[in-house]
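Per our numbering, residue 2 is the first one in the sequence shown, and the count goes up by one each step. The beta carbon of each residue, even a glycine, is placed where N, CA and C say it ideally should be. Below is one structure, written out as structure tokens, with a few remarks after it.
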Amino acid sequence: MSKKEVSADKADFVEKMRHTLSHVLAAAVKDLYPDAKFGIGPAIDNGFYYDIDFGDIKISEADLKRIEKKMRGIIQRKLPVTKKEVGREEALNWAISNKQDFKKELIEELPSTEKISFYDLGDIFSDLCKGPHVENTSECGPFKLIRVAGAYWKGDEKREMLTRIYGIAFETEAELDAYLKRQEEAKSRDHRKLGKELDLFCNSPLVGSGLPLFTPRGTILRDLLNRFAQSYREDRGYQKVCIPHIALVDLYKTSGHYAKFPELLKFTSSESGDELALKPVNCPHHAQIFASQPRSYKELPVKYLETTMVYRDERKGELGGLSRVRAITQDDSHVFCTDEQIGDIFGELIESAKDLYAKVGMKLRLRLSFRDDGDGYIGTPEMWDKAESAIKKMADKYEMDYFIGLGEAAMYGPKMDFMAVDALDREWQLATVQLDYAQPERFGLEYIAEDGSKKRPVMVHCALIGSIERFMSVFIEHTAGWFPFWCAPEQIRILTVNDQVLDYVADIKKELNKVVLKEPITNNPLRYSVDDSSESLGKKIKRATAMKIPCIMIVGPKDAEGKEVSVRIHDEKSENSIKEEKIKLSALTKYLQNL
Numbered sequence: 002m003s004k005k006e007v008s009a010d011k012a013d014f015v016e017k018m019r020h021t022l023s024h025v026l027a028a029a030v031k032d033l034y035p036d037a038k039f040g041i042g043p044a045i046d047n048g049f050y051y052d053i054d055f056g057d058i059k060i061s062e063a064d065l066k067r068i069e070k071k072m073r074g075i076i077q078r079k080l081p082v083t084k085k086e087v088g089r090e091e092a093l094n095w096a097i098s099n100k101q102d103f104k105k106e107l108i109e110e111l112p113s114t115e116k117i118s119f120y121d122l123g124d125i126f127s128d129l130c131k132g133p134h135v136e137n138t139s140e141c142g143p144f145k146l147i148r149v150a151g152a153y154w155k156g157d158e159k160r161e162m163l164t165r166i167y168g169i170a171f172e173t174e175a176e177l178d179a180y181l182k183r184q185e186e187a188k189s190r191d192h193r194k195l196g197k198e199l200d201l202f203c204n205s206p207l208v209g210s211g212l213p214l215f216t217p218r219g220t221i222l223r224d225l226l227n228r229f230a231q232s233y234r235e236d237r238g239y240q241k242v243c244i245p246h247i248a249l250v251d252l253y254k255t256s257g258h259y260a261k262f263p264e265l266l267k268f269t270s271s272e273s274g275d276e277l278a279l280k281p282v283n284c285p286h287h288a289q290i291f292a293s294q295p296r297s298y299k300e301l302p303v304k305y306l307e308t309t310m311v312y313r314d315e316r317k318g319e320l321g322g323l324s325r326v327r328a329i330t331q332d333d334s335h336v337f338c339t340d341e342q343i344g345d346i347f348g349e350l351i352e353s354a355k356d357l358y359a360k361v362g363m364k365l366r367l368r369l370s371f372r373d374d375g376d377g378y379i380g381t382p383e384m385w386d387k388a389e390s391a392i393k394k395m396a397d398k399y400e401m402d403y404f405i406g407l408g409e410a411a412m413y414g415p416k417m418d419f420m421a422v423d424a425l426d427r428e429w430q431l432a433t434v435q436l437d438y439a440q441p442e443r444f445g446l447e448y449i450a451e452d453g454s455k456k457r458p459v460m461v462h463c464a465l466i467g468s469i470e471r472f473m474s475v476f477i478e479h480t481a482g483w484f485p486f487w488c489a490p491e492q493i494r495i496l497t498v499n500d501q502v503l504d505y506v507a508d509i510k511k512e513l514n515k516v517v518l519k520e521p522i523t524n525n526p527l528r529y530s531v532d533d534s535s536e537s538l539g540k541k542i543k544r545a546t547a548m549k550i551p552c553i554m555i556v557g558p559k560d561a562e563g564k565e566v567s568v569r570i571h572d573e574k575s576e577n578s579i580k581e582e583k584i585k586l587s588a589l590t591k592y593l594q595n596l
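Below, the structure written as structure tokens:
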């Protein structure tokens, strides 16, 4: 058996085990809380959960230890896990007699022709379920209940609020321990915590949820990250454009976005009566720039680039930190090209994404986001087949590690979604390249072909870091706030030992003012400050370290005498993550440019 087959078999077993543990959880709850009503309990990444209605009983994380103990007792009984199929009437009678209203609702929604199956844990618990499961509770590996959350039944905020109990489970104790360790590390890296500690962004109840405010330090970081992302496309002929933040609703009705975004933020002009909306996307606007004048095949590809905000309303409970916001800044770009040019355009963007994420220390794999059988897509089936085939060919050509995600496509076309893996091995969808035949059709976009005929261009959408807010949330946690030297909001802090060195500090500042970093972006002057307070050197170092400043320069009388600087650099590869060096003032510029 190949390694790939072994890996697939292991993943299949672990998923079954996690699914069975959700049933063990339900059985334990049923024993402890006989009146509990059960929703759904699937296996998920790293574990499982179950949505449960406890009635008037309030369950907190303090109750998890008791439930977990009961689960372990059930597992130790080595109960067989068996499947049985029943008729619709028998299934409904079971739900009614056991007062399981949510299960009754699920049964009633099943097609009349569908077989209904239950899984039994020995003779102690039975549950409506398609499976699959392990054969015996003794096969359940190490697990732990970790938290309690609220969840609306079927995700509908108008329905009952249930209690969701989450658990984690792995095949070995070592894997469980490693996961718990990563979770503890994740807490210390939480971007909401670090954002406050490092003075990067804040929130105001008067401004509203999902509308973060960026401080001077946070603005420096986001501007540098945006310049970094834009530089890849500017080097490849993309031209900057600028569009308004509102438009007539008719624009989005034509593009198809009006039906796609029920959360559109709309208003009516008191002056003109026009129905307007805050833009949820930029592509229809860029399409209108392309349509503003006749186009020839000689001009194509036409490449537009713009970093700008879009606005999408969200449920208040789903907003948090920078990862989900109402005002989303996109490093957006759109290309209008011929079919023959698609390969080159995709090739440029794939190479750009690979290089960008390599430079921020993240591995990439690709999700080919295709349509499923659902509604909500615009364009003909022929357009979609053509677009999906083209994207798959590009992924194969560039030998990308990819998988297909059905149902993950944009409404107007398939996507290449770049999944970045951070320092804690978590996967995030950030960059995206999308192929669109539908919007050029809906807007009637045209160019004059070489033979004089009118033809429809293809539209390629791309964002290399996607939402800047979301990218920042990932980047802050990926680096734990220790940003690379080139993009740190404050790169250097000079600490004086006493007032005798202030004249020499002035000489150091003159040298620093000459330094302009050229990689990975050009024209990046140094950002530094001087702490010449009367506090002890130890306190100054502690304060600078707490702000995660990557380079600390300590200046004492001996440094001034020797025309040198004592430098402390944050370096994960060094002992205690600190590398200390003495650098001659004359060599300081070259030293800093190589950081």
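Whole-number beta carbon distance between M363 and A278, since they are thought to touch under 8 Å: Reading the sequence shown from its first residue, position 277 is the one you call residue 278. Reading the sequence shown from its first residue, position 362 is the one you call residue 363. That belief does not hold up - the Cβ atoms of A278 and M363 are roughly 35 Å apart, past 8 Å.
Close Cβ partners of A391 (< 7 Å) along its chain, the five nearest in sequence each way excluded: Counted from its first residue, the sequence shown places residue 391 at position 390. Taken in chain order, the residues that qualify are I343, L436.
Given G168 as reference, the closest of F486, K398, M18, E389 once Cα atoms are compared: Walking along the sequence shown from the start, residue 168 turns up at place 167. M18 is the residue among F486, K398, M18, E389 whose C-alpha sits nearest the C-alpha of G168.
Backbone CA spacing between V326 and L207 [nearest angstrom]: Along the sequence shown, one-based indexing puts residue 326 at 325. Along the sequence shown, one-based indexing puts residue 207 at 206. Spanning the two alpha carbons is a distance of roughly 16 Å.
Exposure label - F404; buried when at least 16 CB within 10 Å: Residue mapping note: residue 404 aligns to position 403 of the sequence shown, counting from 1. Classification for F404: exposed.
Alpha helix (DSSP H) runs contained entirely in the stretch 427-461, provided each spans 4 or more residues: 439-444
7 Å CB neighbourhood of F291 in its chain, flanking five on each side removed: As a working mapping, residue 291 is identified with position 290 in the sequence shown. Around F291: V303, F337, L446.
Whole-angstrom distance between G151 and M162, CA atom to CA atom: Counting from one through the sequence shown, the residue named residue 162 turns up at place 161. Counting from one through the sequence shown, the residue named residue 151 turns up at place 150. Roughly 6 Å between the two C-alpha positions.
Opposing strand residues paired with A152 [DSSP bridges]: Against the sequence shown, residue 152 aligns to sequence position 151. A152 pairs with L163.
L181 versus R73 - alpha carbon distance: Residue mapping note: residue 181 aligns to position 180 of the sequence shown, counting from 1. Residue mapping note: residue 73 aligns to position 72 of the sequence shown, counting from 1. Their Cα atoms are separated by approximately 19 Å.
DSSP state of A28 mapped onto helix, strand, coil: Mapped onto the sequence shown, residue 28 falls at position 27. Helix.
Where the alpha helix (DSSP H) containing D340 begins and where it ends: Here residue 340 is taken as the residue at index 339 of the sequence shown, counted from 1. No alpha helix (DSSP H) holds D340; DSSP gives it neither H nor E.
Contained alpha helix (DSSP H) runs [length at least 4] in the stretch 230-263, N- to C-terminal order: 250-256, 258-261
Collapsed DSSP secondary structure at C141 in the structure displayed: To locate residue 141, count along the sequence shown from 1; it is residue 140. Coil.
Close Cβ partners of S297 (< 8 Å) along its chain, the five nearest in sequence each way excluded: Here residue 297 is taken as the residue at index 296 of the sequence shown, counted from 1. If you ignore the 5 residues before and after S297, its C-beta comes within less than 8 Å of the C-beta of Y448, I449, all in its own chain and listed in chain order.
Straight-line gap, G539 to A588 (C-alpha atoms, nearest Å): Within the sequence shown, numbered from 1, the residue matching residue 539 stands at position 538. Within the sequence shown, numbered from 1, the residue matching residue 588 stands at position 587. Inter-residue distance for G539 and A588 is about 27 Å (C-alpha atoms, whole angstroms).
Residue from M460, Q101, E90 whose Cα sits closest to the Cα of T114: Working through the sequence shown from its first residue, we reach residue 114 at position 113. The option with the nearest alpha carbon to T114 is E90.
Chain-order list of residues whose beta-carbon lies under 6 Å from that of G219 (same chain, five-residue window excluded): Your numbering for residue 219 matches position 218 in the sequence shown. Correct list, in chain order: L201, F202.
Burial state of G209, where buried means 16 or more other Cβ atoms lie within 10 Å: As a working mapping, residue 209 is identified with position 208 in the sequence shown. G209 should be labelled exposed.
Straight-line gap, N283 to D333 (C-alpha atoms, nearest Å): What you label residue 283 is simply residue 282 of the sequence shown in a count that begins at 1. What you label residue 333 is simply residue 332 of the sequence shown in a count that begins at 1. Cα to Cα, N283 sits roughly 8 Å from D333.
K585 versus V556 - alpha carbon distance: Position 584 of the sequence shown, counting from 1, holds the residue named residue 585. Position 555 of the sequence shown, counting from 1, holds the residue named residue 556. So the two alpha carbons sit approximately 12 Å from each other.
Neighbour flag for K515 against chain B, beta carbons, 7 Å: Judged by its chain identifiers, the structure shown contains no chain B, having just a single protein chain.
Euclidean distance between Cα positions of V135 and N227: Along the sequence shown, read from residue 1 onward, the residue named residue 135 stands at position 134. Along the sequence shown, read from residue 1 onward, the residue named residue 227 stands at position 226. Approximately 49 Å between the Cα atoms of the pair.
C-alpha gap between L80 and P490, whole angstroms: Taking the sequence shown and counting its residues from 1, one reaches residue 80 at position 79. Taking the sequence shown and counting its residues from 1, one reaches residue 490 at position 489. Their backbone Cα atoms lie some 58 Å apart in a straight line.
Residue burial classification, E582 (beta-carbon count within 10 angstroms, cutoff 16): In the sequence shown, the residue the question calls residue 582 occupies position 581. It counts as exposed.
N-terminal and C-terminal residue of the beta strand (DSSP E) that F569 is part of: Taking the sequence shown and counting its residues from 1, the one referred to as residue 569 is at position 568. The sequence given here places Arg at residue 569; Phe does not occur at that position. 565-571 is the span of the beta strand (DSSP E), which, as asked, contains R569.
Own chain, CB closer than 8 Å to N137, minus 5 neighbours either side, in chain order: Here residue 137 is taken as the residue at index 136 of the sequence shown, counted from 1. K79, L80, P81, V82, listed in sequence order.
K564 to I469 span [Cα, whole Å]: Stepping through the sequence shown from its first residue, residue 564 is reached at position 563. Stepping through the sequence shown from its first residue, residue 469 is reached at position 468. Using only the alpha carbons, I get a separation of about 42 Å.
Reduced DSSP category for F171 - H, G, I as helix; E, B as strand; rest coil: Position 170 of the sequence shown, counted from the start, is the residue given in the question as residue 171. It is coil, neither helix nor strand.
M417: first and last residue of the uninterrupted beta strand (DSSP E) it sits in: Residue numbering aside, residue 417 sits at position 416 when the sequence shown is read from its first letter. Its beta strand (DSSP E) spans residues 416-422.
Whether W487 touches L513 by CB criterion (7 Å): Here residue 487 refers to the residue found at position 486 when the sequence shown is read from its first residue. Here residue 513 refers to the residue found at position 512 when the sequence shown is read from its first residue. The answer is no: Cβ separation not under 7 Å.
Cβ distance (whole Å) where A27 is taken to contact D191 below 8 Å: Looking up residue 27 in the sequence shown gives position 26. Looking up residue 191 in the sequence shown gives position 190. Wrong, their Cβ atoms sit about 31 Å apart, outside the cutoff.
Cβ-Cβ separation, L214 to N204 (assumed contact under 8 Å), whole Å: Along the sequence shown, read from residue 1 onward, the residue named residue 204 stands at position 203. Along the sequence shown, read from residue 1 onward, the residue named residue 214 stands at position 213. That belief holds up - the Cβ atoms of N204 and L214 are roughly 7 Å apart, short of 8 Å.
Nearest residue (CA-CA) to T164, options D57, R234, L266: Locating residue 164 in the sequence shown gives position 163, counting from the first residue. Of the candidates D57, R234, L266, the one whose C-alpha sits nearest the C-alpha of T164 is D57.
Test item: CB-CB of Y51 and K84 under 7 Å: As a first step, residue 51 is located in the sequence shown; it is residue number 50 there, counting from the start. As a first step, residue 84 is located in the sequence shown; it is residue number 83 there, counting from the start. Not closer than 7 Å, so no.
Among D275, V242, L225, S537, the one whose alpha carbon lies nearest that of L249: Counting from 1 along the sequence shown, the entry for residue 249 is found at position 248. The candidate whose alpha carbon is nearest that of L249 is D275.
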